[in-house]
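Read in order, the letters of the sequence shown correspond to residues 138 to 255 in this note's numbering.
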Amino acid sequence: MLPTVWEGEIWSCSWCHAATHVGGERFEVSRPPCLPVEMRWERAVADGLPADVSHAFGISDRTLYGIQEAGISPSDCRWLPERENACGACREVAVVIDDRWLQAMRGEDARVSVARRL
Numbered sequence: 138m139l140p141t142v143w144e145g146e147i148w149s150c151s152w153c154h155a156a157t158h159v160g161g162e163r164f165e166v167s168r169p170p171c172l173p174v175e176m177r178w179e180r181a182v183a184d185g186l187p188a189d190v191s192h193a194f195g196i197s198d199r200t201l202y203g204i205q206e207a208g209i210s211p212s213d214c215r216w217l218p219e220r221e222n223a224c225g226a227c228r229e230v231a232v233v234i235d236d237r238w239l240q241a242m243r244g245e246d247a248r249v250s251v252a253r254r255l
């Protein structure tokens, strides 16, 4: 018997950081298109991070290049790699990750979405 309600989950690829949304009321599997580097990351916040350096929030409670602090989370602010105080190591990792996305998955029309019909 198929489930009637399935809570949604977000799966994130640790190699290219693609986020795949799975589940929900429509049993949807979707992956948004790749956003440009300056629109893709949130600034990481945590008590142990220096205030004068802007780090990008990655996955698994770490900055994009791997600093792990207790209570680290993404902020409501975008992390902008072109800013003077942007972490250089986060910038380098962001460029590498951006290069891993397939060219066919870039742009607004590249969104993949499949929903099961009920």
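Note that CB positions come from ideal geometry on N, CA and C, so glycine has one too.
Cβ shell of Glu-175 (< 8 Å), same chain only, five flanking positions each side left out:
One-based indexing of the sequence shown puts residue 175 at position 38. Sequence-distant partners of Glu-175 (beyond 5 residues in either direction) whose C-beta falls short of 8 Å from its own C-beta, in its chain, are Arg-215, Leu-217, Pro-218, Glu-219.
What three-state label does DSSP hand Val-232 in the structure shown?
Locating residue 232 in the sequence shown gives position 95, where the first residue counts as 1. The answer is helix: DSSP assigns Val-232 an H, G or I state.
Using 8 Å as the threshold, is the C-beta distance between Ala-155 and Ile-147 below it?
What you label residue 155 is simply residue 18 of the sequence shown in a count that begins at 1. What you label residue 147 is simply residue 10 of the sequence shown in a count that begins at 1. Going by C-beta atoms, Ala-155 is not nearer than 8 Å to Ile-147.
Separation of Arg-177 from Glu-221, as counted between CA atoms:
Within the sequence shown, numbered from 1, the residue matching residue 221 stands at position 84. Within the sequence shown, numbered from 1, the residue matching residue 177 stands at position 40. So the two alpha carbons sit approximately 18 Å from each other.
Going straight from the alpha carbon of Leu-186 to that of Ala-207, what length do you get?
Residue 186 sits at position 49 when you count from the first residue of the sequence shown. Residue 207 sits at position 70 when you count from the first residue of the sequence shown. Looking at the two C-alpha atoms, the distance is approximately 10 Å.
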